[in-house]
Amino acid sequence: MERRRSFPAESTGHLYLVPTPIGNLDDMTFRAVKTLKDVDLIAAEDTRNTQKLLNHFEIETKQISFHEHNTQERIPQLVAKLAAGMQIAQVSDAGMPSISDPGHELVVACVEANIPVVPLPGANAGLTALIASGLAPQPFYFYGFLDRKPKDQRAEIAELAQRPETLIFYEAPHRLKKTLTNLVDGLGADRPAVLCRELTKRYEEFLRGTLSELATWTATDTVRGEFVVLVGGNPEPISNEATVDLSEPIEEQVDRLIAAGDKPNAAIKSVAKLRGLKKQDVYREYHHLDKE
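Below is the structure:
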């Protein structure tokens, strides 16, 4: 194991993870402003976007770009600067670094190099939406962005179908309609859900209903703004222990999952995974394709 104080007695560089507002600039904390003023360098996801924030709070600290496309190049440079004693803050465009934003790989590199990593509390869209959603606030399961490819997205949703926790997703407005359609197909039309739009901004809005009702809304209204999508967990999940009985015939096992609400293909995939079989083999067995 490793034990390391965030503020050791010896002089060393620190990586400060600084959350930024998700919309309302008043959500910037005093500590965040002070940290950005005091550090030697700010590693920003988009320096142009962050500069607007720095100008608003009269922060003159120099920036360097750090985003998903230059991660491998920047990490050795930033770690070297930190090892030499430089104090660096890392920020994303909005909210918490590393949460569906750049930052995780840099944190891992700093931990491996014995450089203190100091997190600051602050704005987070997922938790902000959760506490006002009306859905169970704990336990929850934060997923972030689902895959953009329809086939892969449907597979991800199938994997989440049995989870009892409140599910939290992020989604862009132009993909919301299709994502909700896939959620209806994979989780069920009657699952309670909440759309949280433009959090902390002037047009902040909560749309509450079933997945089916919210999917219908996207087809009849103009969809604008960034969304947090929350979905109630499965109230009667099928536990792994109940599905790994290898003495139970495959056909009965698949039928039981379908009766519990799974789509046929999702049930077949689950049974294949639990039994360590290929999905196509379970498919053929279930549909009697190898029999005369």
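Per this note's numbering, the very first residue in the sequence shown carries number 524; after that it's consecutive. Glycine is no exception: its CB is placed at the ideal position from the N, C-alpha and C atoms.
Sub-8 Å separation of residue i and residue j beta-carbons
{"i": "Gln-685", "j": "Asn-705", "result": "no"}
{"i": "Ile-611", "j": "Gln-586", "result": "no"}
{"i": "Leu-653", "j": "Leu-538", "result": "no"}
{"i": "Thr-689", "j": "Gly-732", "result": "no"}
{"i": "Ala-646", "j": "Asp-550", "result": "yes"}
{"i": "Ala-620", "j": "His-590", "result": "The residue you asked about is not Ala; residue 620 is Pro in the sequence shown. Not closer than 8 Å, so no."}
{"i": "Leu-737", "j": "Leu-703", "result": "yes"}
{"i": "Gly-748", "j": "Arg-720", "result": "yes"}
{"i": "Val-746", "j": "Leu-683", "result": "no"}
{"i": "Val-794", "j": "Leu-812", "result": "no"}
{"i": "Ala-681", "j": "Ala-789", "result": "yes"}
C-alpha gap between residue i and residue j, whole angstroms
{"i": "Asp-670", "j": "Thr-552", "result": "33 Å"}
{"i": "Gln-661", "j": "Thr-584", "result": "39 Å"}
{"i": "Ile-622", "j": "Ala-555", "result": "17 Å"}
{"i": "Ile-598", "j": "Glu-774", "result": "51 Å"}
{"i": "Asp-778", "j": "Leu-800", "result": "17 Å"}
{"i": "Pro-496", "j": "Lys-701", "result": "Because the chain in this structure spans residues 524 to 815, residue 496 falls outside the shown range and cannot be described."}
{"i": "Asp-785", "j": "Ala-678", "result": "12 Å"}
{"i": "Leu-559", "j": "Ala-712", "result": "46 Å"}
{"i": "Ala-874", "j": "Asp-708", "result": "The displayed coordinates of the chain run from 524 to 815. Any statement about residue 874 would go beyond what the structure contains."}
{"i": "Arg-807", "j": "Pro-696", "result": "39 Å"}
{"i": "Lys-575", "j": "Ser-735", "result": "40 Å"}
{"i": "Asp-744", "j": "Phe-692", "result": "21 Å"}
{"i": "Glu-533", "j": "Ser-588", "result": "29 Å"}
{"i": "Leu-601", "j": "Cys-633", "result": "9 Å"}
{"i": "Glu-727", "j": "Gly-649", "result": "14 Å"}
{"i": "Glu-581", "j": "Lys-672", "result": "42 Å"}
{"i": "Lys-796", "j": "Val-754", "result": "24 Å"}
{"i": "Ala-603", "j": "Thr-739", "result": "52 Å"}
{"i": "His-592", "j": "His-627", "result": "14 Å"}
For residue i, the nearest candidate out of the options (CA to CA)
{"i": "Glu-694", "options": "Leu-605, Glu-525, Gly-667", "result": "Gly-667"}
{"i": "Lys-792", "options": "Ala-782, Gln-803, Ala-783", "result": "Gln-803"}
{"i": "Ser-529", "options": "Pro-625, Tyr-809, Ala-607, Pro-642", "result": "Pro-642"}
{"i": "Glu-525", "options": "Gly-748, Ala-636, Lys-700", "result": "Ala-636"}
{"i": "Leu-605", "options": "Asp-563, Leu-797, Cys-719, Thr-723", "result": "Asp-563"}
{"i": "Glu-759", "options": "Leu-710, Leu-722, Val-794", "result": "Leu-710"}
{"i": "Ile-545", "options": "His-579, Glu-596, Thr-651", "result": "Thr-651"}
{"i": "Pro-687", "options": "Leu-797, Phe-665, Lys-557", "result": "Phe-665"}
{"i": "Thr-594", "options": "Leu-577, Lys-575, Val-805, Ala-567", "result": "Ala-567"}
{"i": "His-810", "options": "Pro-787, Trp-740, Asn-547, Leu-797", "result": "Pro-787"}
{"i": "Leu-577", "options": "Lys-557, Glu-596, His-592", "result": "Lys-557"}
{"i": "His-579", "options": "Gln-776, Val-805, Asn-547, Lys-796", "result": "Asn-547"}
Cβ distance (whole Å) where residue i is taken to contact residue j below 8 Å
{"i": "Ala-655", "j": "Phe-750", "result": "About 14 Å separates the two Cβ atoms, so there is no contact after all."}
{"i": "Thr-570", "j": "Pro-639", "result": "The Cβ separation is near 25 Å, so there is no contact."}
{"i": "Val-541", "j": "Thr-573", "result": "Not quite, the Cβ-Cβ distance comes to about 10 Å (not below 8 Å), so this is no contact."}
{"i": "Val-752", "j": "Leu-722", "result": "Not confirmed; about 12 Å, so no contact."}
{"i": "Thr-543", "j": "Ala-617", "result": "6 Å"}
Residue i: CB within 7 Å of a non-hydrogen atom of the ligand MN
{"i": "Lys-801", "result": "As for the ligand MN, it is missing from this structure, which has no ligand bound."}
>> Going residue by residue through the region 679-720, where are the continuous beta strand (DSSP E) segments of at least 3 residues, counting only ones entirely within it?
In response: 689-694, 715-720
> Which runs of the beta strand (DSSP E) spanning at least 3 residues fall entirely within the region 586-627, listed in chain order?
Replying inline: 586-588, 611-614
> Which full runs of the alpha helix (DSSP H) of 4+ residues lie inside the region 723-797, going along the chain?
Replying inline: 734-743, 773-782
> Unbroken beta strand (DSSP E) runs of length 3 or more, entirely within the region 537-563: which are they?
Replying inline: 538-540
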